[in-house]
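Chemist: Could you have a look at this structure, given as structure tokens, before my questions?
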Amino acid sequence: MTADPALLRSARHIAKDIFARVIQPGDTVVDATLGTGQDCLTLCQLVGEKGLVHGFDVQPQALERTRERLTESGLHDRAQLHLLGHERMAEVVPQGVKLIAFNLGWLPGSDKRVTTQVETTLKAVQAALSLLIQYGVLVVCVYPGHEEGQREQEALLSYAASLNPRHVSVLWHDFLNGGIGAPGCLVIEKIREEVLQSL
């Protein structure tokens, strides 16, 4: 199959391009929303044999799907999966993280009423920024096509815009002709170690 030559394909492809550019073998990274395990698999491939991926989700079936996917690929030993809300990641992940990925919304194929929530998402993003090393990167795919997703996008963009530009660089990527509710990708690079803006 021929690879898609398009440069601007989707928020998800932009996120994966960033993963590939930022992550080096041996890095510690975080998948803050395991879902079906696709991102976790990609991250495990990128960190290599000496790297580590911490994965979080509040739904047991997300951990089960991810574990199965990693086992089938022979990469299960590169990940530690946590049945825990991502807002609590700092309880189990030490500082020194290279990249933290969020893919917001709901678990595909499950109850769409069980979705990420703006309050815990904001807490998780703040926790994530505290864990990143200098020049570490936070990548958040946002889906404003449903009510809670719209709230998440508004709150995340407001918070990100308030961050000190001497501490972080912030990029918001979306498609102007994608229509109402088109997914977007928020990217925050931590450029200094100073304490970041509180919520």
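Here the working numbering is used: position 51 in the sequence shown is 66, and no number is missing along the way.
Note that beta-carbon positions come from the ideal geometry of N, C-alpha and C, so glycine has one too.
Computed from a prediction, not measured in an experiment: that's the story for all the values here.
Determine the closest residue to residue 74 out of 131, 139 and 153, with distance taken between C-alpha atoms.
Modeler: The option with the nearest alpha carbon to residue 74 is 131.
Chemist: Should residue 210 go down as buried or exposed, given a rule of 16 or more other Cβ atoms within 10 Å for buried?
Modeler: Any reading at residue 210 needs caution, since the residue's pLDDT is 49, under 50, leaving its predicted position unreliable; the model's value is listed next. Label assigned to residue 210: exposed.
Chemist: I'd like the span of the beta strand (DSSP E) that includes residue 185, first residue to last.
Modeler: Here the beta strand (DSSP E) through residue 185 covers 183-188.
Chemist: With a threshold of 16 other CB atoms inside 10 Å of the CB of residue 107, please say whether the residue is buried or exposed.
Modeler: Classification of residue 107: exposed, given that the 10 Å Cβ count is below 16.
Chemist: Candidates 153, 170 and 81: which alpha carbon is nearest residue 36's?
Modeler: Looking at the Cα atoms, 153 is the closest of the given residues.
Chemist: For residue 149, count neighbouring Cβ atoms within 10 angstroms of its own Cβ and tell me buried if that reaches 16, exposed if not.
Modeler: So residue 149 ends up on the exposed side.
Chemist: Is it right to say residue 96 is buried, meaning 16 or more other beta carbons lie within 10 angstroms of its own, or is it exposed?
Modeler: Buried is the call here.
Chemist: Identify every run of the beta strand (DSSP E) within the region 25-102, keeping only runs that are complete inside it and at least 3 residues long; order them along the chain.
Modeler: Counting whole runs of 3 or more residues, the region 25-102 contains the beta strand (DSSP E) stretches 43-46, 67-72 and 94-98.
Chemist: Going by beta carbon distance, what residues of the same chain come within less than 6 Å of residue 48, once the five residues before and after it are set aside?
Modeler: 117 and 118.
Chemist: Taking its Cβ as the centre, do 16 or more other Cβ atoms sit within 10 Å of residue 167, making it buried, or is it exposed?
Modeler: By the neighbour-count rule (16 or more Cβ atoms within 10 Å), residue 167 is buried.
Chemist: By DSSP's criteria, residue 199 is part of a beta bridge. Which residues make up the other side?
Modeler: According to DSSP, residue 199 bridges with 157.
Chemist: Do residue 112 and residue 151 have their beta-carbon atoms positioned less than 7 Å apart in this structure?
Modeler: Cβ distance < 7 Å, so residue 151 and residue 112 count as in contact.
Chemist: Is residue 68 near the ligand HEM, going by C-beta to nearest heavy atom under 6 Å?
Modeler: The model on display carries no ligand, and the ligand HEM is accordingly not part of it.
Chemist: When you compare only the Cα positions, how much space is there between residue 204 and residue 182?
Modeler: If I take the Cα positions, the gap works out to 9 Å.
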